[in-house]
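Chemist: When we follow our numbering, the leftmost residue of the sequence shown carries the number 474, and every step to the right adds one.
C-beta: ideal position from N, C-alpha, C; glycine also.
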Amino acid sequence: MDEVFKALADPSRRRLLDSLNARNGQSLRELCAGLDMARQSVSKHLAVLEAASLVTTVRRGREKLHYLNAVPINAIAERWISRYDRERVRALADLKAALEREPMGDDPSNTPSDNPSFVYTTYIRTTPEKLWQALTDPAFTRRYWGVTFTSDWKAGSEMAWEQFGITLADPAQVVLESEPGRRLSYTWHTFTPEFAEACGLDGEVAAKVAGEPRSKVTFEIEPVGEMVRLTVVHDGFEPGSTVLEGVSGGWPAIVSSLKTLLETGETLPEPQEQSP
Numbered sequence: 474m475d476e477v478f479k480a481l482a483d484p485s486r487r488r489l490l491d492s493l494n495a496r497n498g499q500s501l502r503e504l505c506a507g508l509d510m511a512r513q514s515v516s517k518h519l520a521v522l523e524a525a526s527l528v529t530t531v532r533r534g535r536e537k538l539h540y541l542n543a544v545p546i547n548a549i550a551e552r553w554i555s556r557y558d559r560e561r562v563r564a565l566a567d568l569k570a571a572l573e574r575e576p577m578g579d580d581p582s583n584t585p586s587d588n589p590s591f592v593y594t595t596y597i598r599t600t601p602e603k604l605w606q607a608l609t610d611p612a613f614t615r616r617y618w619g620v621t622f623t624s625d626w627k628a629g630s631e632m633a634w635e636q637f638g639i640t641l642a643d644p645a646q647v648v649l650e651s652e653p654g655r656r657l658s659y660t661w662h663t664f665t666p667e668f669a670e671a672c673g674l675d676g677e678v679a680a681k682v683a684g685e686p687r688s689k690v691t692f693e694i695e696p697v698g699e700m701v702r703l704t705v706v707h708d709g710f711e712p713g714s715t716v717l718e719g720v721s722g723g724w725p726a727i728v729s730s731l732k733t734l735l736e737t738g739e740t741l742p743e744p745q746e747q748s749p
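1. Would you kindly report the start and end of the unbroken beta strand (DSSP E) that includes K537?
2. Who are the Cβ neighbours of L674 in its own chain at under 8 Å, not counting the five residues just before and after it?
3. Need the endpoints of the beta strand (DSSP E) that A628 sits in, please.
4. Measure from the alpha carbon of P686 to the alpha carbon of each residue in V648, S714, L541 and D610, then state which is nearest.
5. Using only the alpha-carbon positions, how far apart do T462 and A506 sit?
6. Which residues in the same chain have their Cβ closer than 6 Å to the Cβ of R656, if we skip the five residues on either side of it in sequence?
7. Runs of 3 residues minimum, wholly inside the segment 697-731: which ones carry the beta strand (DSSP E) assignment?
8. Between which residues of its own chain and R559 is the CB-CB distance below 7 Å, once the five residues before and five after are set aside?
9. Provide the residue(s) that pair with S658 in DSSP beta bridges, ordered along the chain.
10. Check each candidate in T733, E695, R486 and A511 and name the one with the smallest Cα separation from T594.
11. Tell me whether the beta-carbon of L490 lies closer than 9 Å to the beta-carbon of V528.
12. Can you give me the C-alpha to C-alpha distance between M700 and I639, rounded to a whole angstrom?
13. Does E635 come out as helix, strand or coil in the three-state DSSP assignment?
14. In this structure, how does DSSP classify F664 when only helix, strand and coil are distinguished?
15. For E746, which residues from the same chain have a beta carbon less than 6 Å from its beta carbon, with the 5 sequence-adjacent residues on both sides left out?
16. Closest to W661 by C-alpha separation, out of G654, M632, E670 and S485, would be which residue?
17. For Q499, which residues does DSSP report across the bridge?
18. Tell me the DSSP secondary structure of R616 in three-state form.
19. If you follow the alpha helix (DSSP H) that T609 is part of, which residue opens it and which one closes it?
20. In whole angstroms, give me the CA-to-CA distance for D643 and S730.
21. When DSSP labels each residue in this structure, what does R533 get in the three-state scheme?
22. For a test of the three-state rule: what should DSSP assign to C672, helix, strand or coil?
23. Check whether the Cβ atoms of L541 and L703 sit closer than 9 Å, and answer yes or no.
24. Taking the alpha-carbon of E635 as reference, which of G629, F622 and W626 has the nearest alpha-carbon?
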């Protein structure tokens with residue numbers, strides 16, 4: 474946590490986090506536009522935030538897009554806010570304000586992204602091979618996610634999704650990339666009326682998600698010493714996506730359950746109805 478607190482101590486770095494909280498997935502050029510700071514200085518601040526895992530990056534063509542990563546913030550909340558009294562919690566109030574502050578004024582950099590995405594990074598004490606198995610083996614996915622996949626996990630192969638006793642299969646629901654122990658990508662399911670009802674969605678919301686284009690999810694696996702860095706990228710959404718809003722709340726819970734299973738080996742409680 475030392476690196477996290479050092480990173481948050483600088484007001485310019487907090488402003489960068491504010492900017493990403495207002496609009497995630499910005500390039501270096503876009504971030505520089507909102508700060509009275511040289512490009513080189515912004516790059517140095519971003520490097521500090523990346524080292525503290527407060528920011529994670531994804532390459533799109535020639536651009537490197539930056540995303541706010543909530544994992545270290547959650548760790549601070551668990552380690553400090555939940556253990557200390559109100560007066561000590563107030564010492565972290567500026568952190569909460571920085572992360573929850575609404576976009577201000579008519580700054581054009583606060584307009585919605587044309588390519589909205591969800592990006593989440595965490596570190597798991599495991600091996601790339603075991604993490605790959607946990608992402609693809611129904612014996613694992615059923616325990617931490619409540620989902621069962623049927624596929625040979627080869628690029629181009631179809632995959633079936635079973636959850637809530639409902640099987641979702643479609644020729645367009647396929648594995649896009651498959652590099653065992655390194656990278657896995659597949660198209661996301663669409664919502665049938667039956668599945669939407671099982672998820673507890675009302676008619677209006679169900680109609681919205683059913684009308685959205687199919688998105689995709691990518692798992693990037695990178696060994697880091699005795700740990701593995703897992704980055705989940707869920708993209709392909711249209712602006713104002715209702716599905717994006719859902720996955721933004723669902724993925725952190727699912728990845729946390731995955732991490733707990735791999736690090737403790739304990740049988741997890743029956744998963745809640747999580748459908749990101």
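Modeler: Checking against the coordinates, here is how it stands:
1. E536 to L541
2. F664 and V682
3. Counting along the chain, no beta strand (DSSP E) covers A628, and no H or E run does either.
4. S714
5. Residue coverage of the chain in this structure runs from 474 to 749, which leaves residue 462 outside it and unanswerable.
6. E650 and E693
7. 700-708
8. Model confidence at R559 stands at a pLDDT of 47, short of 50, so the residue's coordinates are unreliable and nothing is read from them.
9. E650 and T691
10. E695
11. yes
12. 35 Å
13. strand
14. coil
15. Confidence is the limiting factor: at E746 the pLDDT is only 46, short of 50, which leaves the residue's position unreliable, though a coordinate-based value still follows. Cβ within range, chain order: n/a, list empty.
16. M632
17. H539
18. helix
19. Going by DSSP, T609 is part of the alpha helix (DSSP H) stretching over P601 to T609.
20. Inter-residue distance for D643 and S730 is about 28 Å (C-alpha atoms, whole angstroms).
21. strand
22. The three-state reading of DSSP puts C672 in coil, since its state is none of H, G, I, E or B.
23. Judged by beta-carbon spacing, L703 lies beyond the 9 Å limit of L541, meaning their Cβ atoms are not closer than that value.
24. F622
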